[in-house]
Amino acid sequence: MKRRDIMLGAAALGLSISLAAPALAESELRLAHFSPTSDPNHVTATAFAERVAEATGGEHTVKIFPSAQLGGEVDAVEGLLLGTIDITMPSAAVIANWVPEMNVLNMPFVFRDWDHYTETMHGELLDEMVAVAAEKNIRVLGAMTSGARHIMTREPLESFEDLRGRKIRTVQNPVHVAAFNAFGANATAIAYTEVYSSLQTGVVDGGDAANTNYFTEKFYEVAPNWAQVSWLFYSNFIIMREDAFQALPAETQDALQQIGREIGRDHFARYRISDDEKLGELVAAGVNVTEPDRAPFQQAAQAVYDEFLTSDRERQLLQMITAE
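Add 4 to the 1-based position in the sequence shown for my numbering, that's all there is to it.
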């Protein structure tokens with residue numbers, strides 16, 4: 005899907021949302037996410053629910069719907085904006101279809117390493133993301149991560165050249181599609197819930213993931229070759245509807261924001277440990293782990309920056325990241 009088509013659709017949905025009244029359950033908040041219960045995302049969702057109940061004296065409880073029970077990432081954001089879901093934990097890649105400034109987080113190799121990524125995402129940049137998302141009726145409560153993204157394939161991937169012409173599944177975001185096309189692949193945006201079957205049946209030759217979800221989703225069963233590229237640190241956010249958030253008492257708003265930020269920092273540490281541990285388990289399980297030279301990928305990525313970061317605000321956000 006072209007970027008313009010995605011954004012026009014998002015704009016149309018945003019208009020209909022702005023005319024709707026808030027639809028927040030008085031006592032039970034519905035939190036939907038897409039990971040299995042063995043994933044750090046679910047651990048964080050559970051911790052968030054416990055903290056909210058404690059902080060509000062049980063006035064607000066959180067019911068968790070894991071494993072895409074209420075749909076994929078795009079479905080969950082749409083449900084949140086329409087009021088059928090109260091809280092969700094989608095990627096910046098998906099939120100960017102409504103908040104295009106978030107595409108700065110989807111730029112290939114924009115973060116140098118885990119330390120740079122962690123400190124930047126929980127500093128002034130997070131405040132800016134709260135501000136830009138609020139303009140689109142989305143309240144960011146905290147920043148999460150799904151780790152450093154690598155490339156999984158059905159056949160071995162030893163170098164940049166090996167990716168040429170292969171059909172690679174990407175997230176439903178135009179920047180991700182453009183990145184893998186720039187890497188020489190034939191990129192195809194497919195919902196996360198369809199990744200395993202698409203690899204299994206040969207609809208695609210590969211995709212990308214972090215060590216953790218590559219392991220927990222058992223993608224290695226259908227794509228046993230794992231190229232450590234770290235082309236992206238994949239960001240997620242805990243979000244709810246801005247107008248629903250504003251309808252809450254001030255003390256509840258403060259509690260949700262404090263909990264969201266603290267839980268987000270804890271989540272970064274948890275996911276980093278998980279990614280390290282899961283790589284060792286993948287090696288022990290016999291997965292073919294390779295380390296292609298990253299330089300050709302980084303050189304090809306420049307075209308993606310030139311295409312997508314076109315507004316002054318987007319360039320300012322990029323400067324905030326690279327100046328750290």
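All residues carry an ideal CB built from backbone N, CA and C; glycine is no exception. Note that the structure is predicted; figures quoted are calculated from it, not measured.
1. Could you tell me the alpha carbon to alpha carbon distance between residue 206 and residue 271, rounded to whole angstroms?
2. Assuming residue 312 and residue 107 are in contact, meaning their beta carbons sit under 8 Å apart, how far apart are those beta carbons, in whole angstroms?
3. Candidates 78, 93, 42, 58: which alpha carbon is nearest residue 34's?
4. In chain order, which continuous runs of the beta strand (DSSP E) of length 3 or greater are located wholly inside the stretch 85-170?
5. Do residue 236 and residue 183 have their C-beta atoms closer together than 9 Å?
6. Check each candidate in 132, 60, 180 and name the one with the smallest Cα separation from residue 95.
7. Here's a check: name, in chain order, each residue in its chain whose Cβ is nearer than 7 Å to the Cβ of residue 305, leaving out the five neighbours to either side.
8. Which of helix, strand or coil does DSSP assign to residue 212?
9. Who does residue 193 pair with in a DSSP beta bridge?
10. For residue 221 and residue 77, what's the separation of their Cα atoms in angstroms?
11. Could you pull out every unbroken beta strand (DSSP E) segment of at least 3 residues lying fully inside the stretch 202-285, listed in chain order?
12. Counting pairs of Cβ atoms below 8 Å between the stretch 224-234 and the stretch 153-161, do you hit three or more?
13. Compute the Euclidean distance between the alpha carbons of residue 315 and residue 126, then round it to the nearest angstrom.
14. In the DSSP assignment, find the unbroken beta strand (DSSP E) run with residue 66 in it and report its ends.
15. In the DSSP assignment, find the alpha helix (DSSP H) that holds residue 198 and state where it starts and stops.
16. Roughly how many whole angstroms lie between the Cα atoms of residue 317 and residue 115?
17. Within the continuous beta strand (DSSP E) that includes residue 298, where are the two ends?
18. Output the distance between the C-alpha atoms of residue 258 and residue 326, rounded to the nearest integer angstrom.
19. State the start and end residues of the unbroken alpha helix (DSSP H) segment that holds residue 74.
20. If I follow the unbroken beta strand (DSSP E) through residue 32, where does it start and stop?
21. Which one or two residues does DSSP pair with residue 292 in a beta bridge?
22. So, for residue 212: in the same chain, excluding its five sequence neighbours on each side, which residues have a beta-carbon less than 6 Å away from its beta-carbon?
23. Out of 158, 140, 324, which has the shortest C-alpha to C-alpha gap to residue 224?
24. So for residue 79, helix, strand or coil by DSSP?
25. Going straight from the alpha carbon of residue 8 to that of residue 97, what length do you get?
26. Could you say which of 279, 273, 294, 264 lies nearest to residue 49 if we only look at CA atoms?
27. Report back the beta-carbon spacing between residue 309 and residue 149 to the nearest angstrom; my notes put them in contact at under 8 Å.
28. Hey, quick one: how far does the alpha helix (DSSP H) through residue 316 stretch, first residue to last?
29. Over what stretch of residues does the alpha helix (DSSP H) that includes residue 50 continue unbroken?
30. Assuming residue 215 and residue 292 are in contact, meaning their beta carbons sit under 8 Å apart, how far apart are those beta carbons, in whole angstroms?
31. Could you tell me which of 171, 299, 91, 84 sits nearest to residue 65, measuring between CA atoms?
32. Identify whether residue 187 lies in helix, strand or coil by the three-state DSSP scheme.
33. Pop quiz: residue 86 and residue 80 are said to be a contact at Cβ under 8 Å. What is the actual Cβ separation, rounded to whole angstroms?
34. Let me see if you follow: with CB-CB separation under 9 Å, is residue 58 close to chain B or not?
The relevant details are as follows:
1. 34 Å
2. 5 Å
3. 93
4. 142-157
5. yes
6. 180
7. 112, 113, 183, 186
8. strand
9. 174
10. 16 Å
11. 210-213, 229-245
12. yes
13. 23 Å
14. 65-69
15. Where residue 198 is concerned, there is no enclosing alpha helix (DSSP H), given that its DSSP letter is neither H nor E.
16. 18 Å
17. Note, residue 298: premise wrong, no beta strand (DSSP E); not H, not E.
18. 30 Å
19. Segment: none, residue 74 is in no alpha helix (DSSP H) and carries neither H nor E.
20. 32-36
21. 229
22. 153, 155
23. 158
24. helix
25. Below a pLDDT of 50, predicted positions are generally treated as unreliable, and residue 8, at 38, falls in that range; the measurement from the model is reported next regardless. When rounded, the distance between both Cα atoms is 15 Å.
26. 264
27. With a Cβ gap of about 21 Å, residue 309 and residue 149 do not count as contacting.
28. 316-326
29. 44-59
30. Between residue 292 and residue 215 the Cβ distance is about 14 Å, and since that is not below 8 Å, they are no contact.
31. 91
32. coil
33. Wrong, their Cβ atoms sit about 11 Å apart, outside the cutoff.
34. Looking for chain B here will not work: only one protein chain is present.
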